[in-house]
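Just so we're aligned, residue 106 is where the sequence shown starts under my numbering, counting upward by one. Note that beta-carbon positions come from the ideal geometry of N, C-alpha and C, so glycine has one too. Structure first, commentary second.
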Amino acid sequence: MIFDSNENGRVSVDETMAFLHARYGRGELDIRLKSLFGQDMTETGGEGGEIDFLTYLESVNRAQIEMYENSEQGQAALAKSGKVPTPAPTAKK
């Protein structure tokens, strides 16, 4: 996995922070981390919260679908198809 720098099969908050900061900036860092790791960012593990690859993929896919559905193109496609947007996920506890 790209962000699994210690190769333990999980992605940690610490391992993901630098990438997210470079891509989205400080303003969105906390929002993006919480969308991946949950509100308290303490899933499991000892590196400030870790998630397995499947959970990471599910989180990224959910975020991409939500971003598309909130775009002009996504809104037009949803209106044309008669579908409703995917509900926002509830915060992990």
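Proximity to residue i [Cα-Cα], best of the options
i, options, result
"valine 165", "Gly179, Arg137 and Ala182", "Arg137"
Contact set for residue i: own chain, Cβ-Cβ below 6 Å, skip 5 residues either direction
i, result
"arginine 131", "none"
"glycine 179", "Tyr173"
Separation of residue j from residue i, as counted between CA atoms
i, j, result
"histidine 126", "lysine 185", "36 Å"
"serine 176", "glutamate 112", "36 Å"
"glutamate 120", "alanine 181", "37 Å"
"lysine 188", "tyrosine 129", "30 Å"
"glutamate 204", "isoleucine 170", "Residue coverage of the chain in this structure runs from 106 to 198, which leaves residue 204 outside it and unanswerable."
"serine 110", "aspartate 135", "21 Å"
Contact set for residue i: own chain, Cβ-Cβ below 7 Å, skip 5 residues either direction
i, result
"glutamate 148", "Low local confidence applies: a pLDDT of 49 at glutamate 148 is under 50, so the model's placement there is unreliable, with the coordinate-based value given in what follows. So the qualifying residues of the chain are Phe142, Gly154, Glu155 and Ile156."
Contact set for residue i: own chain, Cβ-Cβ below 8 Å, skip 5 residues either direction
i, result
"methionine 122", "Leu134 and Leu138"
Inset, instruction - Assess, as a yes-or-no matter, whether the segment 155-163 is touched by the segment 115-129 under the definition of 3 or more beta carbon pairs within less than 8 Å. - result: Yes: the two stretches touch, three or more of their Cβ pairs being nearer than 8 Å.
Inset, instruction - Answer yes if the segment 130-142 comes into contact with the segment 159-178, meaning at least three C-beta pairs across the two stretches below 8 Å, and no otherwise. - result: Because the criterion of three Cβ pairs below 8 Å is met, the segment 159-178 and the segment 130-142 touch.
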